[in-house]
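Residue numbers (the numbering used here), protein chains in the order written: chain A, 1 to 378; chain B, 379 to 630. Using N, Cα and C, we set each Cβ at its ideal position, and we do this for glycine too. Below is one structure; the comments refer to it alone.
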Amino acid sequence: MGDSVASVAGRGRTTDVDFALIGHPESWRAAADVLAVLRGPERTPLPDDEIKDLLPWIPSRVVCHVEVGSIVGAKARGLYIDSFIPPDRLEAAYVHENIARVRGAAVCATRAGAKIVSLGGFSSILIEGNFEQLPDRHDTVFTTGNTLTVAFIVQGLHKMCALDGRNLQRSTLLVVGATGDVGSGCARCLAPIVKRLLLSARNVERLRRLAAELQTQGVQVEIASDLQRFSAEADVVICAASLASPSLLLGRIAPHALVCDAGYPKNLSPRTELFGAKVFFGGLGQITGGLKFAPDFHGILNRHPFPDVVHGCLLEGMALALEGRFEPFSQGRGSITQARVEEMETIAARHGIYLAPLYNADGPVEDELHCHAEGSRG
Amino acid sequence: MKPLMGVNCSPVECTSLSSSAPIWQDVLAQAMTGELLAVMNYTSLSEICDDPEEAADALEHAQIERGHAAAFAAEGRKIGVDVPNNVDARHWKRLREAFLRCIPERDLIGCLIVQEIMLESFAVASYARVGKVAPGSLGKTFARIAAEEEDHVDHAMSILRTERALDAPRFDDKLYRLHLDVMTNLAKMLAKECKDGHCEVCHANCVKPSLFDVSLSAAELRGASLQQYLKTLDMLGIPGEATLAWVTQLPV
Numbered sequence: 001m002g003d004s005v006a007s008v009a010g011r012g013r014t015t016d017v018d019f020a021l022i023g024h025p026e027s028w029r030a031a032a033d034v035l036a037v038l039r040g041p042e043r044t045p046l047p048d049d050e051i052k053d054l055l056p057w058i059p060s061r062v063v064c065h066v067e068v069g070s071i072v073g074a075k076a077r078g079l080y081i082d083s084f085i086p087p088d089r090l091e092a093a094y095v096h097e098n099i100a101r102v103r104g105a106a107v108c109a110t111r112a113g114a115k116i117v118s119l120g121g122f123s124s125i126l127i128e129g130n131f132e133q134l135p136d137r138h139d140t141v142f143t144t145g146n147t148l149t150v151a152f153i154v155q156g157l158h159k160m161c162a163l164d165g166r167n168l169q170r171s172t173l174l175v176v177g178a179t180g181d182v183g184s185g186c187a188r189c190l191a192p193i194v195k196r197l198l199l200s201a202r203n204v205e206r207l208r209r210l211a212a213e214l215q216t217q218g219v220q221v222e223i224a225s226d227l228q229r230f231s232a233e234a235d236v237v238i239c240a241a242s243l244a245s246p247s248l249l250l251g252r253i254a255p256h257a258l259v260c261d262a263g264y265p266k267n268l269s270p271r272t273e274l275f276g277a278k279v280f281f282g283g284l285g286q287i288t289g290g291l292k293f294a295p296d297f298h299g300i301l302n303r304h305p306f307p308d309v310v311h312g313c314l315l316e317g318m319a320l321a322l323e324g325r326f327e328p329f330s331q332g333r334g335s336i337t338q339a340r341v342e343e344m345e346t347i348a349a350r351h352g353i354y355l356a357p358l359y360n361a362d363g364p365v366e367d368e369l370h371c372h373a374e375g376s377r378g
Numbered sequence: 379m380k381p382l383m384g385v386n387c388s389p390v391e392c393t394s395l396s397s398s399a400p401i402w403q404d405v406l407a408q409a410m411t412g413e414l415l416a417v418m419n420y421t422s423l424s425e426i427c428d429d430p431e432e433a434a435d436a437l438e439h440a441q442i443e444r445g446h447a448a449a450f451a452a453e454g455r456k457i458g459v460d461v462p463n464n465v466d467a468r469h470w471k472r473l474r475e476a477f478l479r480c481i482p483e484r485d486l487i488g489c490l491i492v493q494e495i496m497l498e499s500f501a502v503a504s505y506a507r508v509g510k511v512a513p514g515s516l517g518k519t520f521a522r523i524a525a526e527e528e529d530h531v532d533h534a535m536s537i538l539r540t541e542r543a544l545d546a547p548r549f550d551d552k553l554y555r556l557h558l559d560v561m562t563n564l565a566k567m568l569a570k571e572c573k574d575g576h577c578e579v580c581h582a583n584c585v586k587p588s589l590f591d592v593s594l595s596a597a598e599l600r601g602a603s604l605q606q607y608l609k610t611l612d613m614l615g616i617p618g619e620a621t622l623a624w625v626t627q628l629p630v
């Protein structure tokens, strides 16, 4: 890649960007691949130990320029800003350090003149209840992107049920991490549909409040802070929080359950512990109007088995930029409703941003399910 | 080569630091060498300043850096070691040569970039880290000097920002060329292991593996220095995506 400032500046001034995406490496492998691109093909990749030593010291900064196209011809230009949260520092002990990193990334976005900023992955979890910790925003608005994430989780669940020949209306749904913004949004969207709704989270008071809200709509809701109490009863599960210990859930999961891994980073593997359960990654969308990175980070920043697949949280900012709606669509915690999800789905679809093909850590799942369904019929 | 033990040691500090004194001796030796190099650089800089006031400033800076070197020597005496220095040691000599290449062209801006943006980033960050873990007055001295060096950088930054505003592409091109020259050498000096042989400053074997014994590490000093460098470049307005690539391309 070009090294000099001139070669970078040649990609376009950073002052006329429509959107910025704030992310962080989801694994050490992902971090290594990004650094390898930056080092260039003529240099040997950095050894793993050097990457682990160097990465925590890198201040938040722009990594590349992004251009997204719409199927109706619009284009939006943006930046990918990495907060460089080390993959092994996502837990609570580093929360203040990580908020400072996201704040640093937000400063980069604001200085670059981004009109809208999407908070990707763990960034939105850190900030969703702490928007006041973001810098003075001037003309920049921030969205957690959680509404489009919820939309794609719900769409994915419907698709998986259809492929697997299940009736969601007869299902018992367990939402893990139910009091978070994404978890509560999923619960609100799916509560009117499923037969029985189980909500699990650590904070009992918040669980009670969410249950009370849903019960006023006539939904049968049960709550528990002990995940193991529910895990054997559900036949459909949404993990809206990345599980520190997946075995807590997986150890007792009902055979043949459908499990949507909607956490970040995704760490539910169908190869481990989940005997008979069908796992898919939720919350991902696909851009069909074109996606370009400069330098070319295709398949490195978006590491998915299908092209132009991006997390819903980041896609929300891009969809809003294509729409010319520079507004903080998703902010705070617990305000995602069915109506807002439908509005965001409509915006995304108008620009050719749809649910991504479903897959899990082993690869695509749709063909396998389709064959399985055909076999059952035959 | 044995540590050079001095005679003016306070009994209390000598006793409390006796086991780690050889480590601090090498840390002090690197710091003192860096300060003496800065004295030489600022003195050279004063000779190409057209403005007498700027020349006086440079000489004043040289004097301040000399004071820092003396302070490090004094800290050595307090813990019972003499602090050697070697401005001709392999890495330091190359850094001095890189600075001197700016002198014949009377390139004041180049000199400031090398000394204030590159060498001082390393000094500010590494002294601050040492200041956090070194005991007693040794730690206080490192922390105080880190803060003073940061003030130097602030002063230079306003000159450099003004210069960049006049012609950013030209400024950035110069900065990148100096980065390749200076930071490559500095990166080798900061590497976790000295792969090119003895650095010619440490009194015996390389001090880097022993830094863990005083709650430091070579990786931490390098990381903090590169972070400071990146932040300084950010303050100058250099695009972060460019400087990120520069830093990741340095030798490790």
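In the DSSP assignment, A/A20 falls within the unbroken beta strand (DSSP E) covering F19 to G23.
Each of A/Y94, A/D235, A/V204 and A/D16 was checked against the Cα of A/D164, and the nearest Cα belongs to A/D235. Residues of chain A whose Cβ lies closer than 7 Å to the Cβ of B/T626 are, in chain order, L35, L38 and R39. The C-beta separation of A/G180 from A/I22 comes to about 18 Å, leaving the pair out of contact by the 8 Å criterion. Per DSSP, B/K573 lies in no beta strand (DSSP E) and is assigned neither H nor E. Neighbours of A/P56 across chain B, judged by C-beta separation under 8 Å: G601. Taking the beta carbon of A/R61 as reference, the chain B residues within 8 Å of it are L608, D612, G618, E619, T621 and L622, listed in sequence order.
When the Cα atoms are used, A/P25 and A/P56 turn out to be separated by approximately 11 Å. Within the same chain, and ignoring the five residues on either side of A/D48 in sequence, the residues whose Cβ sits closer than 8 Å to its Cβ are W28 and A32. Below the 7 Å Cβ cutoff, chain A contributes D53 as neighbours of B/A597, in chain order. Excluding sequence positions up to five before and after A/N98, its CB lies within less than 8 Å of the CB of S83, I85, R89, L90, F122 and L126, all in the same chain and listed in chain order. Under the Cβ criterion (8 Å, minimum of three pairs), the region 570 to 580 of chain B does not count as touching the region 475 to 492 of chain B.
One thing to note: A/G145 has its Cβ no nearer than 8 Å to the Cβ of A/F280. A distance of 8 Å or more separates the beta carbons of B/A512 and B/F500.
Residue pairing by DSSP puts A/A76 in a beta bridge opposite A/V68. Straight-line measurement puts the Cα of A/T149 at about 24 Å from the Cα of A/A224. By alpha-carbon distance to B/R600, the top candidate from A/K52, A/D18, A/V17 and A/V37 is A/K52. Of the candidates B/Q403, B/L415 and B/Q606, B/Q606 places its Cα closest to the Cα of B/R507. At a beta-carbon threshold of 9 Å, none of the residues of chain B lie near A/C239; the nearest stands roughly 33 Å away. In the structure shown, the three-state DSSP call for A/P364 is strand. If you look at A/I347, you'll find it in the alpha helix (DSSP H) that goes Q338 to R350.
In chain order, L46, P47, E50, D53 and L54 make up the part of chain A whose C-beta sits under 9 Å from the C-beta of B/V630.
The residue among A/I193, A/E233, A/P265 and A/A105 with its C-alpha nearest the C-alpha of A/A254 is A/E233. Against chain A, the beta carbon of B/L589 has no neighbour under 9 Å; the closest one sits roughly 13 Å away. Per DSSP, reduced to three states, the secondary structure at A/G285 is strand.
One thing to note: A/C161 has its Cβ no nearer than 8 Å to the Cβ of A/V175. Within the region 471 to 545 of chain B, no beta strand (DSSP E) run of at least 3 residues lies entirely inside it. Between A/G40 and A/V34, the alpha-carbon positions lie close to 10 Å from each other.
Judged by DSSP in its simplified three-state form, A/H311 adopts strand. Beta-bridge pairing by DSSP links A/A294 to A/H65.
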